[in-house]
Amino acid sequence: MNEKGYSLVLVMLTVTVFFVIGLTIVSVSIYQAKFTQVRVEDVASLHEAVKSVEETVAELKAKVETLPLSTPTQLDLDLGNAQVGFLNELRNRHNVSIEDITKEKKIARNKLFTRVFRISAPYEKKTVSREVIITNAPSFLKYALGSRENVTLNGGAYIDGNIYAGKDIYVTNVANYIYNSTLYSVQTTFPTTSEKSILFANGNRYGCDHGNGARSCYNLNNNRFEYSLLNYSEHELPSSLLIQKETEDFIDVDFSWTLKDKLLLAAGVEPFSYEYANYIKNSGDPEHLFNQLKENEAFSLVDDVMLLKDFIKNNQNSKSIVLQSAPSYVFENEDENEELNLEDKWLIVDGDLYLGNNSKLKGNIIVFGDLIINGKSGVQLASTIYVTGKTSIYDTNISGLHNEQVVILSKGRLELYRVNDFNNSFSFEKENLQGYFYTESNAVIYAVGSYINIRGGLFAKGNSEQTIADGFSEGVTINAYRGVVTSLSEPPNSNPTLTNVSESRFIIRHDKNVLIDRGLGLPFSKRLHVIIDELSVK
Numbered sequence: 003m004n005e006k007g008y009s010l011v012l013v014m015l016t017v018t019v020f021f022v023i024g025l026t027i028v029s030v031s032i033y034q035a036k037f038t039q040v041r042v043e044d045v046a047s048l049h050e051a052v053k054s055v056e057e058t059v060a061e062l063k064a065k066v067e068t069l070p071l072s073t074p075t076q077l078d079l080d081l082g083n084a085q086v087g088f089l090n091e092l093r094n095r096h097n098v099s100i101e102d103i104t105k106e107k108k109i110a111r112n113k114l115f116t117r118v119f120r121i122s123a124p125y126e127k128k129t130v131s132r133e134v135i136i137t138n139a140p141s142f143l144k145y146a147l148g149s150r151e152n153v154t155l156n157g158g159a160y161i162d163g164n165i166y167a168g169k170d171i172y173v174t175n176v177a178n179y180i181y182n183s184t185l186y187s188v189q190t191t192f193p194t195t196s197e198k199s200i201l202f203a204n205g206n207r208y209g210c211d212h213g214n215g216a217r218s219c220y221n222l223n224n225n226r227f228e229y230s231l232l233n234y235s236e237h238e239l240p241s242s243l244l245i246q247k248e249t250e251d252f253i254d255v256d257f258s259w260t261l262k263d264k265l266l267l268a269a270g271v272e273p274f275s276y277e278y279a280n281y282i283k284n285s286g287d288p289e290h291l292f293n294q295l296k297e298n299e300a301f302s303l304v305d306d307v308m309l310l311k312d313f314i315k316n317n318q319n320s321k322s323i324v325l326q327s328a329p330s331y332v333f334e335n336e337d338e339n340e341e342l343n344l345e346d347k348w349l350i351v352d353g354d355l356y357l358g359n360n361s362k363l364k365g366n367i368i369v370f371g372d373l374i375i376n377g378k379s380g381v382q383l384a385s386t387i388y389v390t391g392k393t394s395i396y397d398t399n400i401s402g403l404h405n406e407q408v409v410i411l412s413k414g415r416l417e418l419y420r421v422n423d424f425n426n427s428f429s430f431e432k433e434n435l436q437g438y439f440y441t442e443s444n445a446v447i448y449a450v451g452s453y454i455n456i457r458g459g460l461f462a463k464g465n466s467e468q469t470i471a472d473g474f475s476e477g478v479t480i481n482a483y484r485g486v487v488t489s490l491s492e493p494p495n496s497n498p499t500l501t502n503v504s505e506s507r508f509i510i511r512h513d514k515n516v517l518i519d520r521g522l523g524l525p526f527s528k529r530l531h532v533i534i535d536e537l538s539v540k
């Protein structure tokens with residue numbers, strides 16, 4: 003009897019266990035089915051939100067690129083707003099929100115064509131959005147690095163932002179440098195870009211792997227860095243680089259026209275007026291226009307840089323200022339807290355301009371000569387500076403002033419050298435040059451002993467008719483070692499395995515805020531286009 007009872011209990015226990023297991027399996031299956039359904043719906047919802055935003059951006063871009071460059075007021079009429087007009091049609095058609103944040107960005111709406119919109123669509127409890135900038139600024143400001151001619155990337159640079167090569171791209175894992183008039187080439191790593199960076203190359207693409215000396219990327223025998231083109235091929239390009247052709251038109255800067263535009267702005271001539279159009283058409287080159295405006299007493303004249311600050315403080319008229327009567331002018335502050343604020347005036351320097359230790363300057367400048375920036379204590383600038391000669395930046399740091407930055411546009415060469423020589427602290431996140439640097443000429447940068455960390459951009463339009471003494475191709479050339487360098491009297495260690503980007507001696511990050519912060523000082527083109535920011539999900 004006991005044995006039968008025991009068997010019955012065992013059978014019932016076994017049945018109960020399997021019953022519980024079965025229920026668990028069923029409930030888990032139901033949960034997984036529901037979870038899968040939720041995930042599918044979640045993904046579908048995200049896809050729809052992204053699609054709505056992207057289609058809105060695409061239509062806005064297509065519309066803007068057909069609009070004539072008339073007046074800022076006409077641009078607003080052509081676009082409408084979220085309640086009426088074209089933007090309202092987009093909002094209704096794609097079920098998106100279009101927020102005009104131009105005022106929030108402190109943009110002078112009645113004077114500039116710059117507009118900033120945030121386009122967003124709901125996704126569950128989150129929002130998918132993109133910011134777009136409408137501008138008539140030239141295309142070079144969209145890129146972290148580039149040239150209308152060729153781009154050569156030698157060694158271990160780190161680039162966060164898009165790169166533009168109007169013609170060919172050359173990429174190697176050697177860094178070239180010159181020491182005591184002798185040319186050297188040392189193996190290091192290939193350049194690295196951030197995940198979102200694209201290298202736009204409209205011509206041929208060449209790569210060279212030094213291969214621990216198995217191949218030579220450069221021939222140094224003629225005391226020039228000559229490309230050993232037999233060792234270059236597209237197959238040698240690092241696979242980490244995303245390279246494609248640029249499908250959008252490149253909108254160039256007309257340096258002469260831009261300089262005349264800024265001189266007239268400085269003289270208080272109303273843009274889009276008959277007087278403005280007449281000056282632009284009949285004034286000849288910028289220097290002739292400058293002399294013409296001086297004769298018409300459009301500017302205040304100051305003969306001594308030491309008197310400039312008092313003149314600005316005591317003179318309440320709105321005229322821009324011309325520094326004249328000397329071959330060169332020096333700004334240098336012993337007092338770290340002293341700042342020169344031009345307010346709404348322009349400073350026009352009739353000669354060379356030297357910015358030295360502790361210079362703090364806010365305002366836009368035109369230099370009819372060369373620009374030299376130097377001084378270990380560094381300078382702080384919130385300016386756009388146009389230079390008719392060459393620009394030399396050496397043995398210094400440049401930082402922004404009042405959360406703004408500098409844009410330097412140089413007709414002549416851009417020389418950037420001996421910046422933080424043999425500095426091995428590698429402050430990856432902290433730039434030592436804040437600004438955008440542009441030249442109409444060619445640019446060759448050596449970052450082997452130097453440590454260069456730029457937040458902004460670097461663009462050399464390039465000049466195929468100009469001889470480059472070091473032998474590089476026309477355009478922009480970056481030579482960057484990766485790792486510790488204490489002296490160049492002995493070649494740095496060849497270390498092609500060092501993959502840590504934080505030890506790159508040339509770092510550049512694009513800063514799109516330059517399109518907003520520099521306002522009326524920026525060069526303008528005669529066409530509107532749209533710059534699209536990253537997609538955000540919050």
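Sequential numbering from 3 applies to the sequence shown in my numbering.
We treat Cβ as the ideally placed atom computed from N, Cα and C, and that holds for glycine.
These numbers were taken from a predicted model, which means no experiment stands behind them.
#1: Secondary structure at residue 195, three-state DSSP: helix, strand or coil?
#2: May I have the straight-line CA-CA distance separating residue 444 from residue 462, to the nearest angstrom?
#3: Tell me whether residue 87 sits in a helix, a strand or coil according to DSSP, three-state version.
#4: Should residue 104 go down as buried or exposed, given a rule of 16 or more other Cβ atoms within 10 Å for buried?
#5: DSSP beta-bridge partners for residue 512?
#6: Measure the alpha-carbon distance for residue 56 versus residue 48 and round it to whole angstroms.
#7: If you draw a straight line from the alpha carbon of residue 75 to that of residue 395, how long is it in whole angstroms?
#8: Cutting at 8 Å between CB atoms, please list the residues of its own chain near residue 41, excluding the five before and the five after it.
#9: Between the alpha carbons of residue 324 and residue 261, how many angstroms are there, rounded?
#10: How would you label residue 276, buried or exposed, when you count the other beta carbons within 10 angstroms and need 16 or more for buried?
#11: From 120, 154 and 184, pick the residue whose C-alpha is nearest to that of residue 492; which is it?
#12: Would residue 161 and residue 146 be called neighbours here (beta carbons separated by less than 8 Å)?
#13: Tell me the DSSP secondary structure of residue 184 in three-state form.
#14: I'd like to check one pair, residue 480 with residue 167: are the Cβ atoms closer than 8 Å?
#15: Does residue 290 pass the burial test, meaning 16 or more other C-beta atoms within 10 Å, or should it be called exposed?
#16: Residue 361 by DSSP, collapsed to three states: which one?
#17: Are the beta-carbon atoms belonging to residue 533 and residue 517 less than 8 Å from one another?
#18: Taking the straight line between their C-alpha atoms, what separation do you get for residue 249 and residue 354?
#19: For residue 271, which option in 286, 466, 258 and 295 has the closest C-alpha, if you only look at C-alpha atoms?
#20: DSSP state of residue 75, grouped into three classes?
#21: Check the C-beta distance from residue 226 over to residue 472 and give it rounded, since I have them as a contact under 8 Å.
#22: Give me whichever residues DSSP pairs with residue 124 in a beta bridge.
#23: In the DSSP output, what is residue 417 paired with across the bridge?
#24: Which residues bound the alpha helix (DSSP H) around residue 279?
#25: Please go through the same chain and pick out, in chain order, the residues whose beta-carbon is closer than 8 Å to the beta-carbon of residue 98, but skip the five residues on each side of it.
#26: What does residue 235 pair with, by DSSP beta-bridge criteria?
#27: Would you tell me roughly how many angstroms separate the C-alpha atoms of residue 242 and residue 452, rounded to the nearest one?
#28: Counting C-beta neighbours from all protein chains within 10 Å, is the total for residue 286 16 or more, i.e. buried, or is it exposed?
#29: Apply the 10 Å Cβ neighbour rule to residue 60 and answer buried if 16 or more other Cβ atoms are within range, or exposed otherwise.
#30: With a floor of 3 residues, list each beta strand (DSSP E) that falls wholly inside the region 255-343, ordered by position along the chain.
#31: From residue 306 to residue 326, what does the alpha carbon distance come to, in whole angstroms?
#32: Answer yes if the region 171-189 comes into contact with the region 481-490, meaning at least three C-beta pairs across the two stretches below 8 Å, and no otherwise.
#33: Along the beta strand (DSSP E) that carries residue 155, what are the first and last residues, could you check?
Well, looking at it:
#1: strand
#2: 5 Å
#3: helix
#4: buried
#5: 458
#6: 12 Å
#7: 40 Å
#8: Because residue 41 carries a pLDDT of 48, less than 50, the predicted location of this residue cannot be relied on, and no value is offered for it.
#9: 15 Å
#10: exposed
#11: 184
#12: yes
#13: strand
#14: no
#15: exposed
#16: coil
#17: yes
#18: 40 Å
#19: 295
#20: helix
#21: 6 Å
#22: 129
#23: 394
#24: 276-284
#25: 54, 55, 58, 92, 121, 122 and 123
#26: 209
#27: 26 Å
#28: exposed
#29: exposed
#30: 302-304, 323-325 and 330-333
#31: 8 Å
#32: yes
#33: 152-157
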